[in-house]
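In order, the protein sequences belong to chains Z and V. Numbering follows my numbering, with no gaps: position 13 of the first sequence is 1113. Numbering follows my numbering, with no gaps: position 52 of the second sequence is 373. Even glycine gets a Cβ: it sits at the ideal position worked out from N, Cα and C. See below for the structure under consideration.
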Amino acid sequence: MDSEDDLLQKCITSAMPKQR
Amino acid sequence: PTPPYLKWAESLHSLLDDQDGIHLFRTFLGQEDRADMLDFWFACSGFRKLDSREGSEEKKVKLAKAIYRKYILDNGGIVSRQIKAATKSFIRDCVLKLHVDPAMFEQAQTEIQTLMEGNSYPLFLKSDVYLEYT
């Protein structure tokens, strides 16, 4: 299970656009 | 084609739709200790998307708590200072009652976005960080 920080970081990254 | 950095000047959304744009805007915000505003904005978007994509209820609750603890609970933090008291207590109630909803951070995200559009974003377009890049 991810730590809260990992979960948060993954969440932020998931919302960002993918590389051009 | 239009170079990306000219698109960034069209709107905040154009800027946040481009990885390099995000990176540069984050650098700018970091100089003023405001990078959390951007991270929070993306965290809210990611949280909303989680609903359809995957995720047990447990995971959603854990993530909602993580966002709440990191950005809202600390009254000295930049995000917490910028969000209205009523919005903060609404989020707090959702977390405490374990009533997580995909839209629970929507109002807070809108408030932060409005502030970025009215302040940080226009300043960014005039900043050395942006001008040097262009």
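{"Item": "Taking the straight line between their C-alpha atoms, what separation do you get for residue 400 of chain V and residue 432 of chain V?", "Value": "10 Å"}
{"Item": "Compare the beta carbon distance of residue 452 of chain V and residue 330 of chain V with 8 Å and say whether it is the shorter of the two.", "Value": "no"}
{"Item": "Tell me which same chain residues have a C-beta within less than 7 Å of the C-beta of residue 416 of chain V, skipping the five on either side of it?", "Value": "385, 386 and 389"}
{"Item": "What residue ranges within the stretch 342-396 of chain V form continuous beta strand (DSSP E) runs of no fewer than 3 residues, ordered along the chain?", "Value": "none"}
{"Item": "Under 8 Å between beta-carbons, which chain A residues line up against residue 360 of chain V? List them in chain order, please.", "Value": "Note that chain A does not occur in the displayed structure, where the protein chains are Z and V."}
{"Item": "How about residue 371 of chain V: is its C-beta nearer than 8 Å to some C-beta of chain Z?", "Value": "yes"}
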